[in-house]
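Enquirer:
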Amino acid sequence: MDAVALAYDEAGTGPAVILVHGHPFNRSMWAPQRAALAGAGYRVIAPDLRGYGASAVTPGTVLMSQLAADVTGLLDRLGVGRAAPVGLSMGGLVAMELARAGPGRWWALGLVATTAEPVTAAERADRRTRADQAERDGIAPLAQDMAARLFGPDVDPAVPGQVMAMMLATDPRGAAAALRGRAERPDYRPGLRALDRPVFVGTGDRDRYSTAEITDRLIACLRHPDRVTLPGVGHLPNLEAPDRFNAELTAFLDRHRPA
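Residue numbers 3 to 261, in this note's numbering, belong to the letters of the sequence shown in order.
1) Beta-carbon separation of residue 203 and residue 213 under 8 Å?
2) Please return the same chain residues whose Cβ sits closer than 6 Å to the Cβ of residue 230, not counting the five positions on each side in sequence.
3) Whose C-beta lies closer than 7 Å to the C-beta of residue 259 among residues of the same chain, with five residues either side of it excluded?
4) Between which two residues does the beta strand (DSSP E) containing residue 206 stretch?
5) Taking contact to mean at least 3 C-beta pairs separated by less than 8 Å, is the segment 100-111 in contact with the segment 26-42?
6) Could you check what DSSP says for residue 32 in three-state terms: helix, strand or coil?
7) Would residue 133 pass as a contact of residue 84 if the rule is Cβ separation under 8 Å?
8) Would you report the Cα separation of residue 67 and residue 243, rounded to the nearest angstrom?
9) Would you mind stating whether residue 96 and residue 89 have Cβ atoms separated by less than 8 Å?
10) Let me know the beta strand (DSSP E) ranges lying completely inside the segment 14-77, each 3 residues or longer, listed in chain order.
11) Nearest to residue 45 by CA position, among 36, 144 and 115, is which residue?
12) Less than 8 Å separating the beta-carbons of residue 136 and residue 103?
13) Comparing C-alpha positions only, which one of 157, 101 and 174 sits nearest to residue 60?
14) In terms of residue numbering, what span does the alpha helix (DSSP H) encompassing residue 165 cover?
15) Using the three-state DSSP reduction, which class does residue 217 fall into: helix, strand or coil?
16) Within 10 Å of its beta-carbon, does residue 3 have 16 or more other beta-carbons around it, so buried, or fewer, so exposed?
17) Mind pulling the alpha helix (DSSP H) runs of 4 or more residues that sit fully within the segment 133-158?
18) In chain order, which beta strand (DSSP E) runs of at least 3 residues are fully inside the segment 79-133?
19) Considering only their Cβ atoms, is the gap separating residue 111 from residue 52 smaller than 8 Å?
20) Can you give me the Cβ contacts of residue 152 inside the same chain, cut-off strictly under 7 Å, excluding the 5 residues immediately before and after it?
21) Using the Cα positions of residue 33 and residue 201, report the straight-line distance between them to the nearest angstrom.
22) Which class does residue 189 belong to by DSSP, given the choice of helix, strand or coil?
23) To which residues of the same chain is residue 39 closer than 6 Å at the C-beta, ignoring the five residues directly before and after it?
24) Nearest-angstrom Cα distance between residue 127 and residue 140?
25) Suppose contacts are defined by Cβ-Cβ distances below 8 Å. Is residue 206 in contact with residue 155 by that definition?
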């Protein structure tokens with residue numbers, strides 16, 4: 003499958019940080035981090051993954067490795083040699099694909115509200131069913147189901163509406179293709195055990211998807227983990243608690259900033 007030229011936002015100068023959104027979102031979810039990290043002296047690149055936002059849609063099935071190859075192609079076109087990928091949820095899977103495909107290219111890694119474990123048979127069937135539903139009924143049923151489970155109790159009342167609008171703007175064909183790709187994801191744990199890089203692991207303690215138990219097992223795979231758990235926060239810590247999240251992520255990047 004040919005790579006797709008991704009739509010993206012860019013801000014700042016300095017060591018490169020690439021922000022990889024989750025499903026069914028787009029690059030706009032990183033607006034608070036793009037501004038904060040650019041202000042802290044980083045070159046921040048936030049793409050729309052294939053099938054999301056303003057990037058081209060490939061119907062059918064798009065594997066996580068193909069999403070990662072698109073990101074690598076974008077960095078190549080921008081002349082970025084080394085970077086720190088930071089991915090949320092599905093974006094974390096893409097970040098792990100990047101890490102295992104070319105570990106020497108990344109000076110740090112960020113895994114936010116995600117998992118390293120292989121897909122189970124039940125999850126595989128569920129993702130395929132949801133993909134078929136999205137193609138048949140549109141994105142709204144999937145978005146509404148997710149919205150009910152995304153947020154912690156302390157979320158700003160404006161955030162759920164913003165996130166719902168973002169989800170409803172997603173092309174259902176792109177969402178379905180990525181859902182089928184996630185149904186085929188590999189076991190990322192061996193690659194993480196071999197990765198000799200600092201890794202930021204950010205979660206909320208009210209996350210119904212990336213629970214404390216799932217995150218514990220992710221941490222156990224890492225040589226150099228830096229874990230941050232934000233209280234009262236669900237699956238989108240970067241939007242639910244942007245000031246706290248930005249401070250923690252910036253401090254992590256500053257500690258490991260390349261010379």
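Quick reminder that beta carbons are idealized off the backbone N, C-alpha and C, glycines included.
Expert: From the atom records:
1) Counted from its first residue, the sequence shown places residue 203 at position 201. Counted from its first residue, the sequence shown places residue 213 at position 211. The criterion of a C-beta distance shorter than 8 Å is not satisfied by residue 203 and residue 213.
2) On the sequence shown, position 228 is the one that residue 230 refers to. Excluding sequence neighbours, residue 230 sits near 204 and 250.
3) Numbered from its first residue, the sequence shown carries residue 259 at position 257. Here residue 259 has 17 as same chain residues with Cβ atoms under 7 Å from its own Cβ, once five neighbours each way along the sequence are excluded.
4) For this step, residue 206 is matched to residue 204 along the sequence shown. Segment 200-206, the beta strand (DSSP E) holding residue 206.
5) Not touching, per the Cβ criterion.
6) As a working note, residue 32 is residue 30 in the sequence shown. DSSP, read as helix, strand or coil, puts residue 32 in helix.
7) Counting from 1 along the sequence shown, the entry for residue 133 is found at position 131. Counting from 1 along the sequence shown, the entry for residue 84 is found at position 82. Not a contact, by the Cβ cut-off of 8 Å.
8) In the sequence shown, the residue the question calls residue 67 occupies position 65. In the sequence shown, the residue the question calls residue 243 occupies position 241. C-alpha separation (whole angstroms): 30 Å.
9) Here residue 96 refers to the residue found at position 94 when the sequence shown is read from its first residue. Here residue 89 refers to the residue found at position 87 when the sequence shown is read from its first residue. Yes; because the gap between Cβ atoms is below 8 Å, this pair is in contact.
10) Qualifying beta strand (DSSP E) stretches, in chain order: 18-22 and 45-49.
11) Numbered from 1 along the sequence shown, position 43 holds the residue referred to as residue 45. Closest in C-alpha terms to residue 45, from the list 36, 144 and 115, comes 36.
12) Position 134 of the sequence shown, counting from 1, holds the residue named residue 136. Position 101 of the sequence shown, counting from 1, holds the residue named residue 103. No, these two residues do not count as a Cβ contact at 8 Å.
13) Reading the sequence shown from its first residue, position 58 is the one you call residue 60. The option with the nearest alpha carbon to residue 60 is 174.
14) Here residue 165 is taken as the residue at index 163 of the sequence shown, counted from 1. In this chain, the alpha helix (DSSP H) harbouring residue 165 covers 160-170.
15) Working through the sequence shown from its first residue, we reach residue 217 at position 215. In the three-state reduction of the DSSP assignment, residue 217 falls in the helix class, which pools H, G and I.
16) Residue mapping note: residue 3 aligns to position 1 of the sequence shown, counting from 1. With a 10 Å radius around the Cβ and a threshold of 16 neighbouring Cβ atoms, residue 3 comes out exposed.
17) Correct list: 142-152.
18) Counting only runs that start and end inside the segment 79-133, the beta strand (DSSP E) elements of at least 3 residues fall at 85-90 and 111-114.
19) The residue labelled residue 52 in the question sits at position 50 within the sequence shown. The residue labelled residue 111 in the question sits at position 109 within the sequence shown. No.
20) Position 150 of the sequence shown holds residue 152. So the list reads 165, 236, 237 and 238, once near-sequence residues are dropped.
21) In the sequence shown, residue 33 corresponds to position 31, counting from 1. In the sequence shown, residue 201 corresponds to position 199, counting from 1. Going by the C-alpha atoms only, they are around 22 Å apart.
22) Here residue 189 refers to the residue found at position 187 of the sequence shown. For residue 189, the secondary structure class from DSSP, reduced to helix, strand or coil, is coil.
23) Here the question's residue 39 lines up with position 37 in the sequence shown. Only residues of its own chain outside the window of five on either side were considered, and among them 19 and 46 have a CB closer than 6 Å to the CB of residue 39, listed in chain order.
24) Residue mapping note: residue 127 aligns to position 125 of the sequence shown, counting from 1. Residue mapping note: residue 140 aligns to position 138 of the sequence shown, counting from 1. One C-alpha to the other measures close to 19 Å.
25) Start at 1 with the first residue of the sequence shown, and residue 206 comes out as number 204. Start at 1 with the first residue of the sequence shown, and residue 155 comes out as number 153. No, these two residues do not count as a Cβ contact at 8 Å.
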